[in-house]
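To keep things clear, I will list the structure first and then write my remarks on it.
Protein chains: 4
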Amino acid sequence: MIVAMQEKATEEQIDAVIDALVESGVNVHRTTGASQTILAAVGPTASLDPRKFEILSGVLYVHRISSPYKLAGRAWRPEGTVVEFANGVKVGNSRVAVMAGPCSIETREQIFETAARVKAAGGTFLRGGAFKPRSSPYAFQGMGIPGLKLMREAAEAHGLLTVSEVMEISQIETMMPYIDLFQVGARNMQNFNLLRELGQVRKPVLLKRGIAATIEELLLSSEYIMAGGNYNVILCERGIRTYETATRNTMDISAIPVVKKLSHLPIVGDPSHGTGRRDMVAPMARAAVAAGADAILVEVHPNADKAASDAAQTLFLDQFDQLMNELRVIASAVGREL
Amino acid sequence: MIVAMQEKATEEQIDAVIDALVESGVNVHRTTGASQTILAAVGPTASLDPRKFEILSGVLYVHRISSPYKLAGRAWRPEGTVVEFANGVKVGNSRVAVMAGPCSIETREQIFETAARVKAAGGTFLRGGAFKPRSSPYAFQGMGIPGLKLMREAAEAHGLLTVSEVMEISQIETMMPYIDLFQVGARNMQNFNLLRELGQVRKPVLLKRGIAATIEELLLSSEYIMAGGNYNVILCERGIRTYETATRNTMDISAIPVVKKLSHLPIVGDPSHGTGRRDMVAPMARAAVAAGADAILVEVHPNADKAASDAAQTLFLDQFDQLMNELRVIASAVGREL
Amino acid sequence: MIVAMQEKATEEQIDAVIDALVESGVNVHRTTGASQTILAAVGPTASLDPRKFEILSGVLYVHRISSPYKLAGRAWRPEGTVVEFANGVKVGNSRVAVMAGPCSIETREQIFETAARVKAAGGTFLRGGAFKPRSSPYAFQGMGIPGLKLMREAAEAHGLLTVSEVMEISQIETMMPYIDLFQVGARNMQNFNLLRELGQVRKPVLLKRGIAATIEELLLSSEYIMAGGNYNVILCERGIRTYETATRNTMDISAIPVVKKLSHLPIVGDPSHGTGRRDMVAPMARAAVAAGADAILVEVHPNADKAASDAAQTLFLDQFDQLMNELRVIASAVGREL
Amino acid sequence: MIVAMQEKATEEQIDAVIDALVESGVNVHRTTGASQTILAAVGPTASLDPRKFEILSGVLYVHRISSPYKLAGRAWRPEGTVVEFANGVKVGNSRVAVMAGPCSIETREQIFETAARVKAAGGTFLRGGAFKPRSSPYAFQGMGIPGLKLMREAAEAHGLLTVSEVMEISQIETMMPYIDLFQVGARNMQNFNLLRELGQVRKPVLLKRGIAATIEELLLSSEYIMAGGNYNVILCERGIRTYETATRNTMDISAIPVVKKLSHLPIVGDPSHGTGRRDMVAPMARAAVAAGADAILVEVHPNADKAASDAAQTLFLDQFDQLMNELRVIASAVGREL
């Protein structure tokens, strides 16, 4: 951690800052420049709150040098993490994975038809929501565990893996038999108790970026899971909140190359939530793969405009087929397959 | 809900939109203008997803006219809600309430000394955190229920009420004896299961705005609590995330008059989290009261720079005394007392 | 324009709003619902300020239905605008155009070498800045007109068109002989006097989105140019300001499909300014083409890390070659060539 | 400037970074830690682009320590700048100044009546716009110089100073006789040519923060003016763009204490543009003074709802009177008068 003193800082002020740092358990190196003194704190700085020193008298600026995350950093596993699933499917290698399915699991027909078409088009994961606490208290709240059972059946019938959102610690055990990949939603990205619990689980976790979370905060949240021993974390960009209202969120495509540089974890693009509009899903799915995403998570439904939730952003199955064909070409442009 | 068709929309497109609306259970009034057709949907539109119609062919724009919230709207209780507590203290009337205390309850001495000083300065609520899941997995995680017991003792000794954050449904019952006002933190503003549960509780709830939440979303979340029968909700502005990095968050002071106009619920300003810096707390507390806040929530600590959490944004008790004197004058400028 | 009255609005309030609307020169249609009255203003509403009615007593909400822009709207030219240049090159057709060159024109060697390589790789425009008013008052301020002469020579030698930024009305005439495409920078997107003047020019204009501009504002600014009779406007997405600090700006890739839907004007992606980092330029250039951009504007330099300005975001020429190969494949995935 | 190397950076990478720094004209101090090497660049670092080093191989992070501005920094004039005007009025001392008037100067009656009331209520500046390039090309564009003459007459008749916006370099000379304080609008905050020219002027400048500008950028822009020898700069907070749509902009009240800490320049709050709504102007004006603003800039009009521009955010004169009474009390709470 670097503490830059103001140009006119007195020796008393400088000494007080040094004392405060030392008291916090770190060593201090002092550089006295012509116009400015700089203090470098060395040691266990990860747990220090920079603001605590920033408000000391005579301090101009405090800056943390080391990343606040360790396990999530690229340096920890420079070759990159490849998450491997039971059936041999991998996320994070040269094959771009495709996860597709309805926002909500609704009926046996719906989920079986979707599974058949996802598989036929080249997808490897079937997605579907079972618990849907919605912003309106009156909307459809999901099928629950019976829905997950249906999804598991449909997935097995077609050789697909399953992914679904877990919302509370108490759901983890119940969901376990039906789910290959636990999804943590954007609103729970900083639900640290849930993350810690998922660190104890022996199944991979898909961690979505919060709509107001920085990439650094996303990596720090992934650290919570990995600190428990579960290193199979996959990150997901699904749109951030900006001043622009033409789209529901602004899908931050640049987060994809940034994560690839800062971290070893695979990253998935979710153009359905990223845009909130069916007609924007295909362009943004293509953009995500072109930018280097390891997988795509996309909402599809046999009868998309009648979907019980998120209808507006759900692709019809024919649109999904066409998208897959486009993605196949784009993957080849970046040295990957699909 | 208003659906504006594109200027060149065909009769077929218009009919398809009308059909889709009718199928959703609403009545449609059509206005055919020289250049544009407008459809007004009348009836139970609250549960309709505007985006579902926006993507239909020939549609230019869909706009929801009615507020998505009802119980939280000013019209529902035009005279304004006054939340009354056991000891007769009220929030939402002409007296500006002051809620103060440490970020974390740490020791008996700390919380008793704070309580004495908060009371002496004119405060009515003692605040203190017992559960502190921090963004770093290694930081101090709070005293838990023993901390709440200490806070209750200290509050009773000085005739204060208590407020503390509840983070999970399972904590509600345990916290009940020690807490007069349940605080829902910014990260839980859209934890709908928790909100629903608090709707069943017979104690008031302080609902903090999420760092990326709109005012409309804040009101919609309060609706979740009120829908369960608990109308004693107090809202709280505590800073939103913007591109500016000079402060931790940007405290949206204008949210205070906006909430007063749109809703009947009281609104509190939290300048400690709103700024994240001790030297900004007093100016922003004054601004909040000047803008019409019904209460102030502020972090204070006898030994502020040694606080176990949020030290950088915590006031010393002497600073708090001075702030109270300033607030007293400002309250009088807006026809209130403190 | 739609004016929604509050549920408890009185007849007097409703009449006052109707009077205010009529006085503004529009006709009013009134719909009286069970719980709410809605007023639809029909006529010349484009010049009305919705806020003027929003603050009237009893009004809940005012919403503008018609787009504030006309000439820029997709409806005005549904088949899309193709901008044609002197040498037959087109922007907006199935061929993705590539505009490349240094941030600043520095020397004869620099610009000639760049031109040769841009042409060889398949580019059609040579870009280069001549006027560089920088945020620091001491930085390199550009070569001015002599630089533009060099760029024109280099472009002609290799059969390329030229594009450069115009910053003031007084520069238009002087730049005219050397420039095929006038670029308006992000900071001037709402310099309405400059835009109006460019509406009188008989050369195409590349209009960059401001870093805090909505897509609607970008289209409205293009309207200023078109209102003067110059319909050859090309829009450009180059990053918006968000809370994320990992990149200099957040390049809003979704603006590309949004513009294609709302407007008939071609849209260009600028990944150099969109990211501010050399290692993010290629992924975001690929994403832009994958999302449907009509052209790419990219900074390249024979000695990129010694560039007089924007070195950090400038590609080496070999990197540019490789990018072009990738873009060629991606263009084919979306039914285009390059 | 601090360059933090990655934990696994090689000696070759470190040497290459040191060479690049030295080549840029700075000295380098190297600290080799157990896990990480840190390089501190000392010397003329103000003109270095941190990104240039950030993209070098093996670099984790680059951080500028010194403020990029010098003349605007608090250290340059710790006692604070007081701007003094011809008639002895000062901005920046203990008296809170009030600048009020219509958005646009419209008629002799309008500006004289306004002047009389502004003076009677205790204001010291008359504001009024003469050049109004609007976002819609068809709206009222202002009276120009004849308007400024009227405003000067009205101001002199009542012992007021004048403030009006200058939009182009060519207007400076013409406006000079009529204006005591040149206002630079938010859209021109980074029009560096205009700023440089105003640095040559011997009259004070009111510099408004751009809607997407950081406080640091605002200070850097003020530096442009001061670098020319004109130290009489007054800053102005007038709202920034955020995701919240309930208000036109989010007025960043916390910018006021931040500027007071970082800079010696006076700061003004503009609640009219900060909120865009008449009913929010008074609360936010009060908040600005409570937070420590040196002055308030507010739009008032004898017939506010018929104002030719910005009607929705303009106060009636009676509302202004009442606001002044409230501000007088609030000023006293922070040790000032009005």
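Residue numbers (numbering that gives the first Met the number 0), protein chains in the order written: chain E, 0 to 337; chain A, 0 to 337; chain Z, 0 to 337; chain C, 0 to 337. Just so it is clear, CB atoms sit at the ideal spot from N, CA and C, and this is done for glycine as well. Computed from a predicted structure; not experimentally measured.
Residue i, enclosing alpha helix (DSSP H) - first and last residue
i        : result
Z:Ala99  : Note, Z:Ala99: premise wrong, no alpha helix (DSSP H); beta strand (DSSP E) at 96 to 100.
C:His272 : 270 to 274
Z:Arg327 : 316 to 332
E:Gln12  : 10 to 22
E:Thr113 : 107 to 120
A:Ala226 : 214 to 226
Chain-ordered chain A contacts of residue i [CB-CB under 8 Å]
i        : result
E:Ile210 : Ala211
Contacts around residue i, its chain only, beta-carbon distance under 6 Å, and the 5 residues preceding and following it disregarded
i        : result
A:Asn231 : Val82, Pro203
Z:Asn190 : none
A:Ala96  : Val90, Thr123, Ala294
Beta carbon of residue i nearer than 8 Å to that of residue j
i        : j        : result
E:Ser221 : E:Ala71  : yes
E:Ile54  : A:Arg237 : no
Z:Glu6   : Z:Gln35  : yes
C:Val165 : C:Asp293 : no
C:Ile239 : C:Ala290 : no
Z:Ile64  : A:Ala8   : no
Z:Ile168 : Z:Asn187 : no
Z:Ala286 : E:Ala286 : yes
The beta strand (DSSP E) enclosing residue i, as first and last residue numbers
i        : result
E:Asn26  : 26 to 31
Z:Glu78  : Taken as a continuous stretch (DSSP letters only), Z:Glu78 belongs to no beta strand (DSSP E), as it is neither H nor E.
Z:Thr36  : 36 to 41
Z:Gln182 : 180 to 183
E:Glu298 : 294 to 298
Contacts that residue i makes with chain E (C-beta to C-beta distance below 7 Å)
i       : result
Z:Val95 : Correct list: empty, because the minimum Cβ distance to chain E is about 13 Å.
Other residues of its chain near residue i: CB distance less than 7 Å, five sequence neighbours each side excluded
i        : result
Z:His157 : Ala114, Ala115, Lys118
E:Leu149 : Ile104, Arg107, Ile110
C:Val280 : Pro270, Ser271, Thr274, Val297, Gln312, Leu314
E:Tyr177 : Leu147, Lys148, Met150, Arg151, Thr161
Partners in chain Z for residue i, counting only beta-carbon separations shorter than 7 Å
i        : result
E:Ile329 : Ala289, Ile329, Ala332
Beta-carbon proximity list for residue i, same chain, < 8 Å, skipping 5 on both sides
i       : result
E:Val27 : Ile17, Leu20, Val21, Leu38, Ala39, Ala40, Val41
Z:Ser93 : Gly334, Arg335, Glu336
Chain E contact for residue i (CB, 8 Å cutoff)
i        : result
A:Gln189 : yes
C:Lys260 : no
C:Ala338 : The structure shown has nothing for residue 338 of chain C, since chain C only spans 0 to 337.
Residue i: CB within 7 Å of a non-hydrogen atom of the ligand MG
i       : result
C:Glu83 : As presented, the structure is devoid of all ligands, the ligand MG included, so that no description of it is given.
Beta carbon proximity, residue i to chain C, threshold 8 Å
i        : result
E:Glu11  : no
A:Tyr242 : yes
E:Glu336 : no
A:Arg285 : yes
Chain-ordered neighbours of residue i on chain E, where CB pairs are closer than 8 Å
i        : result
C:His62  : Ile1, His62, Ile64
A:Lys338 : Residue 338 of chain A lies beyond the residue range present for chain A, which begins at 0 and ends at 337; the question has no answer from this structure.
C:Gln5   : Ala74
8 Å Cβ cutoff, residue i in contact with chain A
i        : result
E:Ile215 : A quick correction: the sequence has Glu, not Ile, at residue 215 of chain E. Not closer than 8 Å to any Cβ of chain A, the Cβ of E:Glu215 fails to qualify, so no.
E:Asp251 : no
Interface residues of chain A facing residue i [CB-CB closer than 7 Å]
i        : result
E:Ile54  : Arg276, Arg277, Asp278, Ala311
C:Glu325 : Ala332, Val333
Proximal chain C residues relative to residue i, where beta-carbon distance stays under 7 Å
i       : result
E:Thr30 : His28, Ala39
8 Å Cβ cutoff, residue i in contact with chain Z
i        : result
E:Arg151 : no
C:Asp18  : no
Contact list for residue i against chain C, beta-carbon separation under 8 Å
i        : result
A:Val204 : Within chain C, no residue comes near A:Val204; the closest Cβ sits about 22 Å away, beyond 8 Å.
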